[in-house]
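Protein chains in written order, with this note's numbering: chain A, 1 to 430; chain B, 431 to 763.
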């Protein structure tokens, strides 16, 4: 009898070991691992969502403990930089904003992920090429796309109706006309507010506006800055004109994105061009006075431009990267976490938070049910321009911020500001 | 005994030996032993980082990762970083703005700070409550203070200051308090002059935000100084028929001098490296020296240039401190 019981137990344990997931079997024997992850607490997925993802991951891999550090966006870059200076990384997995891709890639602060992606990511073509491009330095992919943030054109349909318009502007000329009518009829004091504080957000708005005039690339194919000609120059003239003519709220010069969003949500302005978070704010009673009045649409463009997309946008993609000084034994686990957090399955669980990078999830019935603006989002995502992927981007950006800000404020004439901008950037390159 | 040594004095080498003996005698050994923890701490957290930063300032210093290990690589360039910084128009613009920020702040502290201290030194009903209320802003953390002033200075209609001024009909349209626009735009020559000095609407807003928090500690330190002045001096002056203004000029100001000098040393050093409030509200939009140094090091990754700027700020602070201290000793003599 005892022998039979023993045989049965042995049989059961053999079956159990055969059917148990490989990961669990590995986890039981795998050494304890502590993975340090750096993410921000300002935009993108919330800290709560990240912690949920962490718990899910730890269920699958009980030997791994994820230690999150959340910092404001302004401290993220310096945190990655100082971590890279240490013999062993302070953070094994870091959030990589697409504007840091060039620097991290060329200076080797993070590892290229090509081999991991080639081996483990199925249907990589389900992530739009525009998103991949944001994280590429040459042929090296420096981060796995995590979320696809971009801007939307928001308008208040009630205010537009009062001004006699039943549809949003499709061209820059129509947009200008609508703003002038809104102001002339005293429906609003300022029809538009944007985030033109001398910070990275200003560069985003400048690139997007240049895109609306036909080309959001601030450098030509030879890597030469072209801010003093064509669409980039028209963009600067446009921004200055909006400010000087009182069509843009003067507060735009000191406003960041949340401030501009608040102006729109409080019903003070009719138009706002901002990141996707405004969609949630405008229809939340506790945060908005315009519930049901805000509409998301594509960006107006100059006639004859952006023919393929009928919109022009700016990317604010985030990726996850492995620090180059992460110990070799932690790298496979760092990748496992990245693969998990960026997987279609996990992104599908958090659709209410952020727009997924995977097309099949973005186009899923669930997403369409959750987000009534899904098709507009898709169109805007397809029309993004990326900021330049260059090693010294932050220095270039600092110059752009200074001159664009001064040009809008009228401290320097527009053409002079654009010329000086180009000159300074060329000096930097020299 | 050497003829060159006056009678009754020990020769120099014997004086040194004598001092060393005294230092190692049981009376002084505890003195040095008790100082050791502070000295070790000072060496670890101040001296070593300072030497390291100075070394960085003499090189083209960047972060590199080789073979899976991160490190800071410095290629010796001598004083080139200092030359580059001192020949950069951005540095001099930042220098000018820093000087404006510091001088105007100090002027407010010397005048308003002394005024508040004098008021707190008077005997009146509710004096203790008044002193506590005055001190409250100092307890507010710097970042919280910055966020608070961000809400006060918000340029939209719902900014606290604009809302108040609009309701009082003092302004017709909201003022963009954090915009670096020129002051006194109605008077061109004055506007140009103040702009040349580094003054702007944003800069003055920053000064107000910073002073709201730091003025209380200045006032309290000055109050401590006022309380050391014997009341008899004022009584004697009153008997002699001196007016209140004369008493202030002849008694208060000279006797408040030493504490005022100390306050000025401390505040000048603090103001020259002011950072949090301006960075929180303006990021890199108002690049005073400390922000310029931070941007060079932690945004652009040019640790050599950032360190060079920091050292120049340090040297400037030191020079100003030396002037104050010399003056302080002169007053005491």
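Glycine included, each C-beta is placed from N, C-alpha and C at the ideal position.
The beta strand (DSSP E) spanning residue i covers which residue range?
i, result
"residue 511 of chain B", "Not the beta strand (DSSP E): residue 511 of chain B falls in the alpha helix (DSSP H), residues 510-516."
"residue 322 of chain A", "318-322"
"residue 144 of chain A", "144-147"
"residue 97 of chain A", "93-97"
"residue 271 of chain A", "271-275"
"residue 477 of chain B", "Per DSSP, residue 477 of chain B belongs to no beta strand (DSSP E) and is neither H nor E."
"residue 185 of chain A", "Segment: none, residue 185 of chain A is in no beta strand (DSSP E) and carries neither H nor E."
"residue 115 of chain A", "Run containing residue 115 of chain A: none in the beta strand (DSSP E); it sits in the alpha helix (DSSP H), 114-120."
"residue 153 of chain A", "151-156"
"residue 68 of chain A", "64-71"
"residue 35 of chain A", "33-40"
"residue 542 of chain B", "Counting along the chain, residue 542 of chain B falls outside any beta strand (DSSP E), and DSSP gives it neither H nor E."
Could you please give the first and the last residue of the uninterrupted alpha helix (DSSP H) stretch that includes residue i?
i, result
"residue 601 of chain B", "Residue 601 of chain B -> no alpha helix (DSSP H), and no H or E assigned at all."
"residue 568 of chain B", "557-569"
"residue 355 of chain A", "Taken as a continuous stretch (DSSP letters only), residue 355 of chain A belongs to no alpha helix (DSSP H), as it is neither H nor E."
"residue 818 of chain B", "Examination of residue 818 of chain B is not possible in this model, given that chain B is present from 431 through 763 alone."
"residue 127 of chain A", "Residue 127 of chain A -> no alpha helix (DSSP H), and no H or E assigned at all."
"residue 622 of chain B", "618-627"
"residue 535 of chain B", "519-538"
"residue 492 of chain B", "Residue 492 of chain B -> not in any alpha helix (DSSP H); beta strand (DSSP E) instead, spanning 489-496."
"residue 692 of chain B", "683-702"
Between residue i and chain B, is there a C-beta pair that is closer than 7 Å?
i, result
"residue 431 of chain A", "Outside the displayed span of chain A (1 to 430) sits residue 431 of chain A, for which this structure offers no information."
"residue 253 of chain A", "yes"
"residue 304 of chain A", "no"
"residue 370 of chain A", "no"
"residue 329 of chain A", "no"
"residue 397 of chain A", "no"
"residue 414 of chain A", "no"
"residue 105 of chain A", "no"
"residue 78 of chain A", "yes"
"residue 145 of chain A", "no"
Shorter than 7 Å from the beta carbon of residue i to some beta carbon of chain A?
i, result
"residue 541 of chain B", "no"
"residue 737 of chain B", "no"
"residue 495 of chain B", "yes"
"residue 527 of chain B", "no"
"residue 606 of chain B", "yes"
"residue 498 of chain B", "yes"
"residue 585 of chain B", "yes"
Can you name, in chain order, every residue of its own chain whose Cβ lies under 8 Å from the Cβ of residue i, other than the five neighbours on each side?
i, result
"residue 415 of chain A", "228 and 233"
"residue 446 of chain B", "none"
"residue 752 of chain B", "none"
"residue 295 of chain A", "154, 155, 156, 157 and 168"
"residue 632 of chain B", "607, 608, 609, 610, 611, 712, 715 and 716"
"residue 72 of chain A", "40, 41 and 42"
Compare the beta carbon distance of residue i and residue j with 7 Å and say whether it is the shorter of the two.
i, j, result
"residue 681 of chain B", "residue 535 of chain B", "no"
"residue 397 of chain B", "residue 711 of chain B", "Nothing can be reported for residue 397 of chain B: it is not among the residues displayed for chain B, which extend from 431 to 763."
"residue 504 of chain B", "residue 491 of chain B", "yes"
"residue 195 of chain A", "residue 257 of chain A", "yes"
"residue 202 of chain A", "residue 389 of chain A", "no"
"residue 317 of chain A", "residue 98 of chain A", "yes"
"residue 141 of chain A", "residue 113 of chain A", "yes"
"residue 642 of chain B", "residue 567 of chain B", "yes"
"residue 239 of chain A", "residue 408 of chain A", "yes"
"residue 40 of chain A", "residue 338 of chain A", "no"
"residue 648 of chain B", "residue 722 of chain B", "no"
"residue 247 of chain A", "residue 179 of chain A", "yes"
"residue 399 of chain A", "residue 425 of chain A", "yes"
"residue 297 of chain A", "residue 382 of chain A", "no"
"residue 659 of chain B", "residue 685 of chain B", "yes"
For residue i, which residues from the same chain have a beta carbon less than 6 Å from its beta carbon, with the 5 sequence-adjacent residues on both sides left out?
i, result
"residue 305 of chain A", "214"
"residue 741 of chain B", "487"
"residue 252 of chain A", "193, 194 and 196"
Taking CB distances under 7 Å as the criterion, tell me whether residue i reaches chain D.
i, result
"residue 199 of chain A", "Going by chain labels, chain D is absent from the structure shown, which instead holds the protein chains A and B."
Once you ignore the five residues that flank residue i on each side, which residues in its own chain have a CB closer than 7 Å to its CB?
i, result
"residue 31 of chain A", "63"
"residue 665 of chain B", "none"
"residue 182 of chain A", "159, 163, 188, 191 and 270"
Notebook entry, point to check: Given 8 Å as the limit, is there contact between the stretch 613-620 of chain B and the stretch 252-266 of chain A, that is, 3 or more CB pairs closer than that?
Noted result: no
Check: Quick one: any contact between the stretch 137-154 of chain A and the stretch 352-363 of chain A, if contact means 3 or more CB pairs under 8 Å?
Finding: yes
Notebook entry, point to check: Hey, is the stretch 180-197 of chain A in contact with the stretch 276-283 of chain A, meaning 3+ C-beta pairs nearer than 8 Å?
Noted result: no
Note to self: Count Cβ pairs between the stretch 360-376 of chain A and the stretch 81-89 of chain A that sit closer than 8 Å; are there 3 or more?
What the structure shows: no
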